[in-house]
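Numbering-wise, the working numbering puts 96 at position 107 of the sequence shown, and it's gapless, one number per residue.
Built from N, CA and C at the ideal position, the CB exists for glycine as well.
Here the structure is a predicted model, which means the values were calculated and not measured.
Here's the structure, in structure tokens; my notes come after.
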Amino acid sequence: MSVSARLAELGIALPGVVTPLAAYVPAKVHGGLVYTAGQLPLASGQLPAAGKVGDGHGLVPAAEAKAYARQCALNAVAAAAAAAGLDNLTGVVKVTGFVASSPDFVGQPGVINGASEVLGEIFGDAGRHARSAVGVSVLPLDSPVEVEVIFSIA
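Next up, the structure:
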């Protein structure tokens, strides 16, 4: 099944490609791969939340951050599709997720599951990938999460 057909079946509409915040491109094709720049959970040009992920007052709950990681992954699919063509994307090779974490937060893998799970829904077995989930002190725009993806292409 094509990626576009699978997205339609899932009822997922890809967002527009997020405009870069600095001197880079959203995605770059090299060889049989598409590398995306780090994608924030921007939706309609807005960051849904800011700050560190963790438990407690003033922190972004892990469940919300997981939903933001999902949005990051969809933004990555949109960027890769713009660079290589949506139905030329054949799978996911690697996901790197960054979670702006409070000092005691250790649930980064669960947060980045938001990205991994939606990529699995879209690509099926071809969406199985290697992954890193990294806790960091701060991300651009004070985003709670950022995700970059390497896709294989036809």
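Between GLN60 and GLU137 the beta-carbon gap is near 14 Å, outside 8 Å, which marks them as no contact. Here the alpha carbon of PHE87 sits roughly 28 Å from the alpha carbon of ALA143.
Counting other Cβ atoms within 10 Å of its Cβ, ALA54 reaches 16 or more and is therefore classed as buried.
Residue LEU108 holds the alpha-carbon nearest to the alpha-carbon of LEU(-1) among HIS118, LEU22, LEU108. Burial is judged here by how many other beta carbons sit within 10 angstroms of a residue's own beta carbon; GLY21 has fewer than 16 and is exposed.
The stretch 95 to 138 contains, as complete alpha helix (DSSP H) runs of 4+ residues, the segments 97 to 112 (chain order).
Leaving aside the five residues that flank VAL(-8) on each side, the residues in its chain whose CB is nearer than 6 Å to its CB run, in chain order, LEU75, ASP76, LEU78. Contact annotation: ALA89 and LEU128 have beta-carbon atoms nearer than 8 Å.
Between ALA68 and ALA(-3), the CB-CB gap reaches or exceeds 8 Å.
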